[in-house]
Amino acid sequence: MSMPMETITNDETKLTRAGFVWREKDGVRVAVCAPLEHEGFANAFSTRLGGISPMPHAALNLAGFDEDAAENIHENRRRFLRLLDGEWTLAVCWQVHGADVRVVRGVEDALSDEDRCDGLITRAPRVLLSVKSADCVPVILGDMRTGACASVHAGWRGTVAGIVPRALERMRVEFGTDPTDVRTAIGPAALACCYEVGHEVIDAFRERFADADELLTPTREGHARIDLHLANRRQLIEAGVSAERIHVAPLCTMCRTDLFFSYRREKSLYGRTGRLLSVIGRG
Ligand SMILES: [Zn+2]
7 MSMPMETITN DETKLTRAGF VWREKDGVRV AVCAPLEHEG FANAFSTRLG
57 GISPMPHAAL NLAGFDEDAA ENIHENRRRF LRLLDGEWTL AVCWQVHGAD
107 VRVVRGVEDA LSDEDRCDGL ITRAPRVLLS VKSADCVPVI LGDMRTGACA
157 SVHAGWRGTV AGIVPRALER MRVEFGTDPT DVRTAIGPAA LACCYEVGHE
207 VIDAFRERFA DADELLTPTR EGHARIDLHL ANRRQLIEAG VSAERIHVAP
257 LCTMCRTDLF FSYRREKSLY GRTGRLLSVI GRG
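Residue numbering for the sequence shown follows this note's numbering, starting at 7 and increasing by one per position.
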């Protein structure tokens, strides 16, 4: 889809200000959180650019084996991983919009696409934790003191269930993580400009968040647009992460379908959509 030049320029400026840089190799483009990388955490937020999947063409689809050929996904993953220096073992999981967080003990223990959970944590070197998304919020976290890290899938259900604070708590139990040592990046997702929800979601947020009205912009009767970036940012701050260590990529997957996959925009048009991958690890 073509995008007005002004939109593109504004988005680029906002992304740079938020601490992210683009990195590109052989047509594959990712956004990297520079402060996390500076702390020793390899990380990347994928785009749809530079792959081989027919979604609709040359798409870097990185998951969703029921909607794309496995050989396409594996080739796309290989291209994506080339943007990160060194050898990595990719830890993935089958996300179920729940709040379970799993520990990856080492490269021999890396999970597969069959393991069901929505958050991964590790302190093992060369394990690349990942989160799949196409509108939901990907969150990656790095503990600068212990070297532990986490990847979290936070759609509206995960956000209501507090999956990000749960991942932080699990990091505390497993690795002694103190949230004041944590730096985090929140990736591109369906944002408050586009993401309209109905009363089921509105009610769930009113129950969970005392300040729910600040997260909701009423639209038509019984509907509102919701700000999941802000909701996750608030949960991180509440859990003790310093505001200046939370880097939020201000890009909307529903606005920028030239760059990202959007389940909401594309599923109804094509009957399927690709998946982005957001990753973090320590060499
Ligand atoms: Zn939007």
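C-beta atoms are modelled at their ideal positions from N, C-alpha and C, and glycine is treated no differently.
Alpha-carbon to alpha-carbon, residue j and residue i
{"i": "K31", "j": "G57", "result": "11 Å"}
{"i": "A154", "j": "D115", "result": "16 Å"}
{"i": "G33", "j": "A65", "result": "11 Å"}
{"i": "R293", "j": "E227", "result": "Residue 293 is absent from the model: the chain starts at 7 and stops at 289."}
{"i": "A210", "j": "T165", "result": "10 Å"}
{"i": "R83", "j": "A198", "result": "30 Å"}
{"i": "R189", "j": "V133", "result": "18 Å"}
{"i": "F215", "j": "D233", "result": "12 Å"}
{"i": "W28", "j": "T53", "result": "10 Å"}
{"i": "E220", "j": "E81", "result": "42 Å"}
{"i": "W302", "j": "G246", "result": "Nothing can be reported for residue 302: it is not among the residues displayed for the chain, which extend from 7 to 289."}
{"i": "M177", "j": "M11", "result": "42 Å"}
{"i": "G289", "j": "G92", "result": "8 Å"}
{"i": "K273", "j": "R281", "result": "12 Å"}
{"i": "A69", "j": "D106", "result": "20 Å"}
{"i": "T263", "j": "R270", "result": "11 Å"}
{"i": "N238", "j": "D119", "result": "25 Å"}
{"i": "L257", "j": "V38", "result": "13 Å"}
{"i": "A167", "j": "M61", "result": "32 Å"}
{"i": "P185", "j": "P171", "result": "10 Å"}
{"i": "N49", "j": "E43", "result": "7 Å"}
{"i": "R85", "j": "E213", "result": "43 Å"}
{"i": "E206", "j": "L21", "result": "32 Å"}
{"i": "L174", "j": "K138", "result": "19 Å"}
{"i": "D17", "j": "F51", "result": "15 Å"}
{"i": "E77", "j": "L87", "result": "15 Å"}
{"i": "N67", "j": "S157", "result": "19 Å"}
{"i": "T128", "j": "E202", "result": "34 Å"}
Buried or exposed (CB count within 10 angstroms, at least 16 for buried), residue i
{"i": "W162", "result": "buried"}
{"i": "D217", "result": "exposed"}
{"i": "P41", "result": "buried"}
{"i": "H235", "result": "buried"}
{"i": "Y276", "result": "exposed"}
{"i": "R108", "result": "buried"}
{"i": "M9", "result": "exposed"}
{"i": "D124", "result": "buried"}
{"i": "G297", "result": "The first residue shown for the chain is 7 and the last is 289, placing residue 297 beyond what the model contains."}
{"i": "H159", "result": "buried"}
{"i": "P224", "result": "exposed"}
{"i": "S268", "result": "buried"}
{"i": "V145", "result": "buried"}
{"i": "V36", "result": "buried"}
{"i": "G148", "result": "buried"}
{"i": "A249", "result": "exposed"}
Run of the beta strand (DSSP E) containing residue i, from where it starts to where it stops
{"i": "E30", "result": "F26 to K31"}
{"i": "H253", "result": "I252 to V254"}
{"i": "G57", "result": "L55 to S59"}
{"i": "H159", "result": "C155 to A160"}
{"i": "A95", "result": "Looking at the sequence itself, residue 95 is Thr, so the reference to Ala does not match. Note, T95: beta strand (DSSP E), T95 to A97."}
{"i": "G49", "result": "Looking at the sequence shown, residue 49 is not Gly but Asn. Run containing N49: F47 to S52, per the beta strand (DSSP E) assignment."}
{"i": "T152", "result": "Looking at the DSSP string, T152 is not in any beta strand (DSSP E), and its letter there is neither H nor E."}
{"i": "V113", "result": "No beta strand (DSSP E) holds V113; DSSP gives it neither H nor E."}
Expected contact under 8 Å - CB spacing of residue i and residue j to nearest Å
{"i": "L90", "j": "I286", "result": "Their Cβ separation, rounded to whole angstroms, is 10 Å, which puts L90 and I286 out of contact at 8 Å."}
{"i": "G25", "j": "H253", "result": "4 Å"}
{"i": "D141", "j": "A97", "result": "With 8 Å as the limit, D141 and A97 do not qualify as a contact, their Cβ atoms being about 22 Å apart."}
{"i": "S59", "j": "D72", "result": "The pair is not a contact, with the Cβ atoms about 13 Å apart (cut-off 8 Å)."}
{"i": "S284", "j": "G193", "result": "5 Å"}
First and last residue of the uninterrupted alpha helix (DSSP H) at residue i
{"i": "S274", "result": "Y269 to Y276"}
{"i": "H44", "result": "A40 to H44"}
{"i": "N78", "result": "A76 to L87"}
{"i": "R23", "result": "M11 to R23"}
Closer than 7 Å: residue i CB and nearest ligand 3 heavy atom
{"i": "L96", "result": "This structure lacks ligand 3; the ligands present are ligand 1."}
CB contact check: residue i to chain C, cutoff 8 Å
{"i": "K20", "result": "The chain inventory of the structure shown lacks chain C, comprising one protein chain alone."}
Q | Segments of 4+ residues assigned as alpha helix (DSSP H) that fall wholly inside the segment 165-234 | A | List check, alpha helix (DSSP H) in window: 169-181, 205-214 and 218-221.
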